[in-house]
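Student: Mind looking over this structure? Questions follow.
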Ligand SMILES: [Zn+2]
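Residue numbers (our numbering): 186 to 634.
Structure follows, in structure tokens:
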């Protein structure tokens with residue numbers, strides 16, 4: 186393919202990416218997009234006039250997404266029964282019925298469109314006979330697959346990657362994860378999550394885990410910058426829209442999370458990723474933010490893909506990898522114990538999604554556990570627990586954040602409390618301790634989905 190064709194193909198991909206990019210919503214602000222903002226699925230034209238190369242196959246990919254290697258799913262042939270496959274799709278991984286345009290299922294196999302539903306390109310996934318399932322290949326291990334551990338070191342041998350959400354530091358304003366009230370130190374989510382990660386790492390290590398921080402400073406992992414993404418952003422922005430803002434989002438959200446996924450999947454290969462975030466409610470202007478009296482907590486597991494997301498070939502493929510590796514059962518089991526631990530140490534009520542939202546679904550009737558399709562929990566190739574406790578702009582949590590980190594307790598709003606950072610780290614560590622101690626002593630897990 187000539188350079189010119191490659192450049193054109195890239196440009197068209199970028200344009201496609203633009204439409205679907207709007208589907209990537211910040212985890213903190215779940216919304217239902219109006220129809221006009223939903224990603225359009227467009228067809229890539231064949232080679233430009235005058236070219237004699239074979240036309241590129243049609244591609245429907247998310248922003249900066251890689252074309253899926255469908256043949257890699259051959260490793261999962263005969264590893265799941267039809268019943269389990271359909272049940273996972275129906276109850277966890279989808280929120281609508283539009284996915285059925287891309288899947289045709291019979292007793293022997295699922296036939297899945299690898300591109301546009303009318304492209305004719307299909308991947309055939311053979312089902313296992315009901316009593317002949319073979320294990321799905323994956324690099325991570327469930328709690329049950331780990332050998333027994335001494336009671337005081339229930340995480341022994343477990344490889345954990347901690348992903349402190351956002352970049353923070355000088356990027357926090359661009360990320361829109363920054364606000365300041367008067368002369369008080371600003372609140373930067375990326376710095377708060379890193380503070381928790383640094384407290385959590387030694388706690389988990391003392392329980393026996395091998396722990397790596399996906400980032401340990403306020404620098405991006407991606408070498409891309411808004412400046413290098415301007416051409417992509419220009420193509421991705423509606424007429425009259427803010428191209429610079431689009432380039433910034435492609436940088437700090439899409440490119441950055443893709444770079445972290447590369448590091449997690451190729452280098453760290455952990456058994457579990459912990460994505461640390463602090464939630465917030467809409468605060469308006471960053472230099473004159475509105476405060477709220479509400480605080481809450483919820484944990485996100487991968488699932489809840491919308492019809493629009495599953496119209497994209499890369500998201501369909503990545504969802505299948507999660508489904509076939511059975512990450513959900515592990516995320517739900519670990520998540521339930523971590524959620525219970527958050528409740529017992531913070532007393533925070535659950536966050537409830539708008540019942541009209543089509544991008545989240547409650548898991549196992551547990552109001553603290555929600556399935557959502559986020560770039561991080563989709564791309565990290567192992568179970569991911571994505572945490573959203575506290576509300577940074579609630580009056581009480583803001584006062585606790587302003588108090589900083591400290592040992593023991595201090596009086597805040599009339600109550601003696603530990604530092605919010607230690608409370609957060611302790612809740613995660615205790616939840617994992619409870620879960621792995623229970624399973625590695627042989628108590629049964631929650632029923633699988
Ligand atoms: Zn966040």
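Every residue gets a Cβ at the ideal spot worked out from N, C-alpha and C, and that includes glycine.
Give the DSSP-derived three-state secondary structure of residue 535 in the structure shown.
Tutor: Residue state, collapsed to three classes: strand.
Student: What does the alpha-carbon distance come out to for the pair residue 457 and residue 567?
Tutor: Approximately 6 Å, taken between the alpha carbons.
Student: Candidates 323, 593, 273, 288: which alpha carbon is nearest residue 257's?
Tutor: Comparing Cα-Cα distances from residue 257 to each of 323, 593, 273, 288, the minimum goes to 323.
Student: Taking only runs that begin and end inside the region 540-607, name each unbroken beta strand (DSSP E) of 3 or more residues, in chain order.
Tutor: Entirely contained in the region 540-607, the beta strand (DSSP E) runs reaching 3 residues are, in chain order, 546-548, 551-557, 569-574, 595-597, 600-602.
Student: Name the residue from 556, 526, 520 whose alpha carbon lies nearest to the alpha carbon of residue 537.
Tutor: With distances taken between Cα atoms, residue 537 lies closest to 556.
Student: Name the one or two DSSP bridge partners that residue 649 has.
Tutor: There is simply no residue 649 to check, as the chain begins at 186 and stops at 634 in what is shown.
Student: So, is the C-beta of residue 546 closer than 9 Å to a C-beta in chain D?
Tutor: The displayed structure is made up of one protein chain only, and chain D is not part of it.
Student: By the DSSP assignment, the alpha helix (DSSP H) with residue 429 in it spans what residues?
Tutor: From DSSP, the alpha helix (DSSP H) with residue 429 extends over 428-434.
Student: Once the 5 residues before and after residue 479 are set aside, which same chain residues still bring their CB inside 7 Å of it?
Tutor: Cβ within range, chain order: 466, 576, 579.
Student: Whose C-beta lies closer than 6 Å to the C-beta of residue 328 among residues of the same chain, with five residues either side of it excluded?
Tutor: Around residue 328: 621, 624.
Student: What is the rounded straight-line gap between the Cα of residue 367 and the Cα of residue 526?
Tutor: The straight-line gap from Cα to Cα measures roughly 35 Å.
Student: With respect to the beta strand (DSSP E) encompassing residue 295, which residues constitute its N-terminal and C-terminal limits?
Tutor: That run of the beta strand (DSSP E) goes 294-298.
Student: How do the region 603-621 and the region 581-595 stand: do at least 3 beta-carbon pairs fall below 8 Å, yes or no?
Tutor: Yes: the two stretches touch, three or more of their Cβ pairs being nearer than 8 Å.
Student: Quick check for students: name the residue ranges of the beta strand (DSSP E) that lie wholly in the region 432-474, counting only runs of 3 or more.
Tutor: Here the runs fully enclosed are 457-461.
Student: I believe residue 352 touches residue 385 by the beta-carbon criterion, under 8 Å. Please report the beta-carbon distance rounded to the nearest angstrom.
Tutor: The pair is not a contact, with the Cβ atoms about 18 Å apart (cut-off 8 Å).
Student: Looking only at its chain, what residues have a beta carbon closer than 6 Å to the beta carbon of residue 459, apart from the 5 residues adjacent to it on each side?
Tutor: Cβ within range, chain order: 347, 570.
Student: Helix, strand or coil: which one does DSSP assign to residue 187?
Tutor: Residue placement at residue 187 cannot be trusted, given a pLDDT of 43 that sits under 50; the coordinates are not used to answer.
Student: In this structure, how does DSSP classify residue 309 when only helix, strand and coil are distinguished?
Tutor: Strand, per DSSP.
Student: On the premise that residue 403 lies in contact with residue 447, defined as a C-beta separation below 8 Å, what is that separation, rounded to the nearest angstrom?
Tutor: About 19 Å; that fails the 8 Å criterion.
Student: Any heavy atom of ligand 1 closer than 8 Å to the beta-carbon of residue 462?
Tutor: Yes, since a heavy atom of ligand 1 falls inside the 8 Å radius drawn around the Cβ of residue 462.
Student: Quick one: what does DSSP say residue 614 is sitting in, helix, strand or coil?
Tutor: If DSSP states are grouped into helix, strand and coil, residue 614 belongs with the helices.
Student: Looking at the unbroken alpha helix (DSSP H) that takes in residue 391, where does it start and where does it end?
Tutor: Unbroken alpha helix (DSSP H) run through residue 391: 374-391.
Student: Please classify residue 289: does DSSP put it in a helix, a strand, or coil?
Tutor: Strand at residue 289.
Student: Helix, strand or coil for residue 481, going by three-state DSSP, please let me know.
Tutor: Of the three classes helix, strand and coil, the one that applies to residue 481 here is coil, per DSSP.
Student: With a CB to CB cut of under 7 Å and the five nearest residues on each side skipped, what residues in its chain are close to residue 635?
Tutor: Nothing can be reported for residue 635, as the shown portion of the chain is limited to 186 through 634.
Student: Would the region 262-282 and the region 324-344 be scored as touching if the rule is three or more Cβ pairs under 8 Å?
Tutor: Short answer: they don't touch.
Student: Using 8 Å as the cut-off, classify the Cβ of residue 400 as near or not near the heavy atoms of ligand 1, replying yes or no.
Tutor: No, Cβ of residue 400 sits at least 8 Å from all heavy atoms of ligand 1.
Student: Quick check: the Cα distance between residue 508 and residue 489, rounded to an integer number of angstroms?
Tutor: If you take the alpha carbons of residue 508 and residue 489, they lie about 12 Å apart.
Student: Give me the Cα-Cα distance between residue 640 and residue 565, rounded to the nearest whole angstrom.
Tutor: Beyond the ends of the chain as shown, which are 186 and 634, falls residue 640; an answer cannot be given.
Student: Do residue 617 and residue 461 come within 9 Å of each other at the CB atom, strictly closer than that value?
Tutor: No, they are not a contact pair.
Student: Could you give the first and the last residue of the continuous beta strand (DSSP E) run that contains residue 398?
Tutor: Per DSSP, residue 398 belongs to the beta strand (DSSP E) from 395-398.
Student: Which one of 273, 369, 349 has the shortest CA to CA distance from residue 583?
Tutor: Of 273, 369, 349, the residue nearest in Cα terms is 369.
Student: DSSP state of residue 335, grouped into three classes?
Tutor: In this structure, residue 335 counts as coil in the three-state DSSP scheme.
Student: Closest by CA to residue 417, which one among 250, 263, 264?
Tutor: With distances taken between Cα atoms, residue 417 lies closest to 250.
Student: In or out: residue 626 buried (at least 16 other Cβ within 10 Å) or exposed?
Tutor: Exposed: under 16 other Cβ atoms inside 10 Å.
Student: Can you tell me where the alpha helix (DSSP H) holding residue 267 begins and where it ends?
Tutor: Element bounds for residue 267: 267-273.
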